[in-house]
Amino acid sequence: MAEKGAAAMVSAEEFLAYYLGWAAPARRAYAAGAAVRLPAAAATSGRVVVCGMGGSGAAGDYVETLSRTYGGSAVTVVKGPRVPAWAGPGDLVVAVSFSGNTRETLECAAQALSMGAGLVAVTTGGRLAELARRWGSQLIVVGEAPAPRAGWPQLFYSIAGMLQANGLLSLPVWDVEESLGLLEAERGRIEEEARRLAEWLVEASRVQIVAAEPLYPAAVRLRSELAENSKLASAASMLPEAGHNELEAWAALGGSIDMLVLDPGVEPWSSLLREAVGLVGPRRLYRVEAFGETLLQKLVWLTWLAGVASVKAAVMRGVDPYGLSAVKGFRRVVEAATPWGSGEPRAPSA
Ligand code: F6R
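Numbered per our numbering, the sequence shown spans residues 583 to 932.
Have a look at this one:
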C-alpha cells in the first residue's frame with residue numbers, strides 16, 4: 583500500500599487507528615495460515631528457517647521463542663541474505679517480506695530453492711509472490727497495511743497458523759484464540775497504557791530496554807518501533823544474560839540511563855528484573871507488566887503496546903511516525919551495492 587507508491591501518505595491518526603484495529607487483520611491472517619497444508623516432504627527434518635528483514639523479520643523472532651517454549655520445530659531466524667549452509671531437503675524455509683521486494687529476503691528464497699529446501703513465501707505481493715508462483719512454491723498472500731511494521735499481525739499470525747496446522751509449532755488453539763480476543767477486547771487498556779508509556783518516552787534519554795528472556799522478541803520489536811515510528815534510539819537486552827556483562831556498564835552510567843523494563847509478572851523474572859534495576863540505579867525507570875495469561879498473550883500484548891506507544895510518542899515529539907527516509911535510502915544502497923536477490927534464480931534442484 584502506501585510505502586510502495588510515492589503518492590500515498592498516511593496521517594498519524596490513520597496510522598494509529600490501524601495499529602488499534604489489529605484484531606481484524608490478525609484473525610484473518612491466522613485463518614489463512616491455518617488453512618495451508620504443506621506437502622508431506624516439506625519439513626520432515628523438524629528444522630525451520632525464517633528469513634526476513636525489519637518489520638517482516640520480527641515475525642521470526644516470535645516464532646523462534648514460542649517454539650522453544652511451547653515445543654515445535656528447531657527455528658533459526660535469518661536477518662540477512664544467507665540461508666544456513668546446513669539447510670536442504672526436508673528443511674522448511676519461510677521467506678517473509680511484506681512488500682515482497684526486499685533484496686536480502688529474495689536472495690534467501692532463491693538460495694532455499696537451489697539448496698532443495700521447502701519454501702513458503704509470505705508477502706503482500708511484489709517480486710517474492712511472482713517468484714513463488716513461478717517456482718510453484720507455497721505462497722501465503724497477506725493483507726495490506728499502511729507499512730510493513732504495522733502489518734505484524736498479518737505476518738506473525740499467518741506464519742504461526744501455518745506452522746501450527748502442519749505440526750511444526752505446538753501452540754494450543756485456545757491460547758491463540760485468547761490472544762486474538764485480547765486484541766479485540768482491550769483497546770481501551772492499550773490506549774491508556776500506551777499514553778503513559780509515550781509520556782515517559784518523550785522525556786527519556788539513553789533508553790535501555792531490559793526484558794526477561796522469554797519476552798526478548800518484544801524488546802527487540804519495541805526498539806525497532808521506537809526507531810521507525812518515534813525516531814528514537816534505544817537499546818534492547820535481556821536478563822539473565824545482560825546481568826553477566828552489560829549490567830556493569832549500566833551501573834557505571836547509573837544516573838544517566840533510563841530503563842524500560844518488560845516484566846512478565848511471574849517469578850523468578852520479576853525479582854531478577856527488580857534486583858538488576860537496583861544494582862544500576864537508573865535516572866528514570868518505567869516498568870511494563872505484560873498483560874495476559876500465557877507467553878503468547880504477553881508477547882502479543884507487548885507488541886501491540888510497542889506499536890501504539892511508539893506512534894503516540896512520535897505525535898508528542900512532533901515527528902511523523904509513518905515516513906521513513908534513511909531506511910528507504912539503505913534499501914537503495916543494498917540494491918546498488920550488492921547482487922542479492924537480483925539475478926534470475928536457479929531452477930529448483932531435482
Ligand atoms: C517498514 C519496516 C521495515 C521493513 C523492512 C523490510 O515499515 O517495517 O523494517 O519491514 O525494510 O521490508 P519488507 O518488510 O517489505 O520485506
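Yeah, the Cβ is synthetic: ideal placement off N, Cα and C, and Gly gets one too.
Whole-angstrom distance between residue j and residue i, CA atom to CA atom
| i | j | result |
| --- | --- | --- |
| E689 | A817 | 28 Å |
| Y601 | L887 | 9 Å |
| G603 | R788 | 31 Å |
| R716 | S852 | 50 Å |
| L710 | D840 | 41 Å |
| E810 | A614 | 28 Å |
| A793 | A919 | 36 Å |
| E726 | T706 | 6 Å |
| F912 | L906 | 11 Å |
| K586 | A729 | With a pLDDT of only 45 at K586, under 50, the local geometry of the prediction cannot be trusted, and the value read off the model is given with reservation. Going from the Cα of K586 to the Cα of A729 covers about 9 Å. |
| A617 | G700 | 18 Å |
| V784 | E849 | 30 Å |
| L721 | D845 | 36 Å |
| M583 | S812 | Its pLDDT being 43, under 50, M583 is placed unreliably in this model, and the value from its coordinates should be taken loosely. Cα to Cα, the separation comes out at about 21 Å. |
| L878 | L745 | 15 Å |
Beta carbon of residue i nearer than 8 Å to that of residue j
| i | j | result |
| --- | --- | --- |
| L779 | V870 | yes |
| A895 | L884 | no |
| L765 | A605 | yes |
| W734 | A815 | no |
| V631 | T658 | yes |
| G682 | S627 | no |
| Y904 | V660 | no |
| T651 | D757 | no |
Reference residue i, options the options, closest by Cα
| i | options | result |
| --- | --- | --- |
| L842 | S819, A742 and V631 | S819 |
| V909 | T684, S649 and P735 | T684 |
| Y644 | R803, A793 and E773 | R803 |
| A831 | L713, L861, S719 and G763 | L861 |
| V675 | A608, A691 and R913 | A691 |
| R664 | L695, T651, S812 and E849 | L695 |
| S649 | E857, L750 and L855 | L750 |
| E917 | A786, G698 and E686 | E686 |
| R805 | L797, V724 and I791 | I791 |
| A801 | V882, L753 and R609 | V882 |
| V890 | R769, G698 and A667 | R769 |
| P822 | A833, P796 and M635 | P796 |
| S761 | A608, F597, V915 and P921 | A608 |
Cβ-heavy atom distance, residue i to ligand 1, below 7 Å
| i | result |
| --- | --- |
| L906 | yes |
Measuring from each Cβ to the nearest heavy atom of ligand 1, keep the ones under 5 Å and list them in chain order. M635, G636, G637, S638, S679, F680, S681, T684, A729, P730 and R731
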